[in-house]
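**Q**
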Amino acid sequence: MAGQEEIPEGTIRNVLEQESLKWVFVGGKGGVGKTTCSSILSILLASVRSSVLIISTDPAHNLSDAFQQRFTKSPTLVNGFTNLYAMEVDPTVEPEETGSSDGMDGFLSDLANSIPGIDEAMSFAEMLKLVQTMDYSVIVFDTAPTGHTLRLLQFPSTLEKGLAKMMTLKSKFGGLLGQMTRMFGVGEEFGEDAILGRLEGMKEVIEQVNRQFKDPDLTTFVCVCIPEFLSLYETERLVQELTKFEIDTHNIIINQVLFDEEGVESKLLKARMKMQQKYLDQFYMLYDDFNITKLPLLPQEVCGVEALKDFSQHFLKPYKPLFIRGTLEEIEIRVSRLQEQLKEAESELERARKGKKPINS
Ligand SMILES: Nc1ncnc2c1ncn2[C@@H]1O[C@H](COP(=O)(O)OP(=O)(O)OP(=O)(O)O)[C@@H](O)[C@H]1O
Ligand SMILES: [Mg+2]
0 MAGQEEIPEG TIRNVLEQES LKWVFVGGKG GVGKTTCSSI LSILLASVRS SVLIISTDPA
60 HNLSDAFQQR FTKSPTLVNG FTNLYAMEVD PTVEPEETGS SDGMDGFLSD LANSIPGIDE
120 AMSFAEMLKL VQTMDYSVIV FDTAPTGHTL RLLQFPSTLE KGLAKMMTLK SKFGGLLGQM
180 TRMFGVGEEF GEDAILGRLE GMKEVIEQVN RQFKDPDLTT FVCVCIPEFL SLYETERLVQ
240 ELTKFEIDTH NIIINQVLFD EEGVESKLLK ARMKMQQKYL DQFYMLYDDF NITKLPLLPQ
300 EVCGVEALKD FSQHFLKPYK PLFIRGTLEE IEIRVSRLQE QLKEAESELE RARKGKKPIN
360 S
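Going by numbering that gives the first Met the number 0, the sequence shown opens with residue 0, and the numbers climb by one from there.
#1: Starting from Val208, follow its DSSP beta bridges and name the residues at the other end.
#2: List the endpoints of the continuous alpha helix (DSSP H) containing Tyr286.
#3: Taking buried to mean at least 16 other C-beta atoms within 10 Å of its own C-beta, is Leu267 buried or exposed?
#4: How about Ser37 and Val137: are their beta carbons less than 8 Å apart?
#5: Under 8 Å, with one C-beta from each stretch per pair, do the region 294-311 and the region 18-29 reach the 3-pair mark?
#6: When burial is assigned at 16 or more other CB atoms within 10 Å of the CB, is Asn209 buried or exposed?
#7: Closer than 7 Å is what we want: which residues have a beta carbon that near any heavy atom of ligand 2? List them in chain order.
#8: Here's the rule: buried if 16 or more other CB atoms are within 10 angstroms of the residue's CB, otherwise exposed. What is Ser265?
#9: How big is the Cα-Cα spacing for Gly303 and Thr34?
#10: Would the beta-carbon of Asn254 be found less than 7 Å away from any heavy atom of ligand 1?
#11: Would DSSP call Asn13 helix, strand or coil?
#12: Is the region 215-224 touching the region 242-254, taking contact as three or more C-beta pairs under 8 Å?
#13: Along the chain, where does the beta strand (DSSP E) that runs through Tyr84 open and close?
#14: Tell me whether Glu300, by its Cβ, gets closer than 7 Å to a heavy atom of ligand 1.
#15: Can you find at least 3 beta carbon pairs, one from the region 314-332 and one from the region 287-302, that sit closer than 8 Å?
#16: Which value, in whole angstroms, describes the spacing of the CA atoms of Ala163 and Lys202?
#17: Quick one: complete alpha helix (DSSP H) runs, 4+ long, within the region 212-275?
#18: So what does DSSP say about Leu20, is it helix, strand or coil?
#19: Between Leu127 and the rest of its own chain, which residues show a CB-CB distance below 6 Å, the 5 nearest in sequence each way excluded?
#20: Around the C-beta of Val301, are 16 or more other C-beta atoms found within 10 angstroms, so that it is buried, or is it exposed?
#21: Would you mind reading off the limits of the beta strand (DSSP E) that contains Ile54?
#22: Excluding the five sequence neighbours on either side, which residues of its own chain have a C-beta within less than 6 Å of the C-beta of Arg69, listed in chain order?
#23: Should Gly200 be counted as a contact of ligand 1 given a C-beta to heavy atom distance under 7 Å?
#24: Considering only C-alpha positions, which residue in the set Asp280, Ala65, Tyr286 is nearest to Val221?
#25: Which of the three DSSP states, helix, strand or coil, is assigned to Leu44?
Here is the structure:
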């Protein structure tokens, strides 16, 4: 953290070394590699911590895909580990789905609109309450794409607002509140006091967790992105929001980087690399005080524990391309590759001239 003017290292080691960390959020735009990165982070943490829990709060749960194992809403031991658990939490309904528009429901929808996300916030709080009691050494969150994550991080104020609103309405409308019970999915047998009690109870957990989330010794947020404009833009938005919520963030993982190491001759790839370089430069400029970890784009998906473990090496050592463009070695490789390609093309031409089909068709 604060102090010496060191250039932050281009790896995620700092997260593994920060023994006080209890909550590690991993977030970013859709499809950039959040699940892959959070899974790997949890695997790495399991090697240095006594027990690790990874939780997916993404409605499109994909921890199961990454680990190639079914998970449920209670923690399940990940195959091949003795101290790594995973769970997939069911997200709740969208706020719009709770409100209805006509008649006397006017004020119910008014309430729903004034405290959007209250359902979600409460289920998140309940989950955190549960997890708190479980005593894991560190908890990693594979979060949903940015907007959703930010909503969850807002949940303490959402709940507080909800509580305040309920109180005002209680004094104004008395018995009518009973009707709202249904809105919160609590059976009719529970009265308004039950709801208020539940909210009050939640508030305590919320305040406690909120304090922890705002403590950089306990909580950090790892931003995952790819070197493209929209992702850079989204990362900036995320970092700003996190700063606003006072949540620590000092790691950015740039995934799917094309490294110029194969003597690539493809115009398309070269253009993509050039584009990526432009955004990489911007990332380094904007986030010069962050640890920026670059991960290579692989020819295949990162699926299953073995693939995740294999890919995890890039979290610990800055990626080094095999060859650097312009070196004698790289030029020799390019030349021999081109010679091979020329040979292939010549024999294909030969075949075509003889009226035979090309090999690949
Ligand atoms: N560096 C990489 N090289 C190749 N494939 C990758 C790489 N990183 C991730 N993938 C693959 O890309 C796909 C999307 O990755 P992942 O599921 O981790 O993204 P995500 O951000 O969690 O997506 P979503 O927003 O849908 O939850 C997966 O199939 C994963 O295996
Ligand atoms: Mg995912």
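Cβ coordinates follow ideal geometry from the N, Cα and C atoms, glycine included.
**A** Inspection of the coordinates gives the following:
#1: As a working mapping, residue 208 is identified with position 209 in the sequence shown. According to DSSP, residue pairing for Val208 in a beta bridge does not occur.
#2: If you number the sequence shown from 1, residue 286 lands on position 287. Per DSSP, Tyr286 belongs to no alpha helix (DSSP H) and is neither H nor E.
#3: One-based indexing of the sequence shown puts residue 267 at position 268. Classification of Leu267: exposed, given that the 10 Å Cβ count is below 16.
#4: By 1-based counting over the sequence shown, the position of residue 37 is 38. By 1-based counting over the sequence shown, the position of residue 137 is 138. With a cutoff of 8 Å on beta-carbon distance, Ser37 and Val137 are scored as not near each other.
#5: no
#6: Within the sequence shown, the letter at position 210 stands for residue 209. Answer is buried; the Cβ neighbour count reaches 16.
#7: Those residues placing their Cβ nearer than 7 Å to any heavy atom of ligand 2 are, following chain order, Lys33, Thr34, Asp57, Ala59, Asn61, Asp141.
#8: Mapped onto the sequence shown, residue 265 falls at position 266. Answer is exposed; the Cβ neighbour count stays below 16.
#9: Counted from its first residue, the sequence shown places residue 303 at position 304. Counted from its first residue, the sequence shown places residue 34 at position 35. In a straight line, the C-alpha of Gly303 is about 12 Å away from that of Thr34.
#10: Counting from one through the sequence shown, the residue named residue 254 turns up at place 255. Yes, Cβ of Asn254 sits closer than 7 Å to a heavy atom of ligand 1.
#11: Locating residue 13 in the sequence shown gives position 14, where the first residue counts as 1. Residue state, collapsed to three classes: helix.
#12: yes
#13: Sequence index remark: in the sequence shown, residue 84 carries index 85 (1-based). For Tyr84, the enclosing beta strand (DSSP E) stretches over residues 83-87.
#14: Reading the sequence shown from its first residue, position 301 is the one you call residue 300. It does: the Cβ of Glu300 is within 7 Å (strictly closer) of some heavy atom of ligand 1.
#15: These segments touch.
#16: As a working mapping, residue 163 is identified with position 164 in the sequence shown. As a working mapping, residue 202 is identified with position 203 in the sequence shown. When rounded, the distance between both Cα atoms is 11 Å.
#17: 228-243
#18: To locate residue 20, count along the sequence shown from 1; it is residue 21. Reduced to three states, the DSSP call for Leu20 is coil.
#19: Reading the sequence shown from its first residue, position 128 is the one you call residue 127. Excluding residues within five positions, the ones whose Cβ falls inside 6 Å are Val208.
#20: Indexing the sequence shown from 1 puts residue 301 at position 302. Val301 counts as buried, since at least 16 other C-beta atoms from the protein chains shown sit within 10 angstroms of its C-beta.
#21: Numbered from its first residue, the sequence shown carries residue 54 at position 55. Counting along the chain, the beta strand (DSSP E) containing Ile54 begins and ends at 51-55.
#22: Position 70 of the sequence shown holds residue 69. Excluding sequence neighbours, Arg69 sits near Ser63.
#23: Within the sequence shown, residue 200 is the residue found at index 201, counting from 1. No.
#24: As a working mapping, residue 221 is identified with position 222 in the sequence shown. For the residues Asp280, Ala65, Tyr286, the minimum Cα distance to Val221 belongs to Tyr286.
#25: Along the sequence shown, read from residue 1 onward, the residue named residue 44 stands at position 45. Helix at Leu44.
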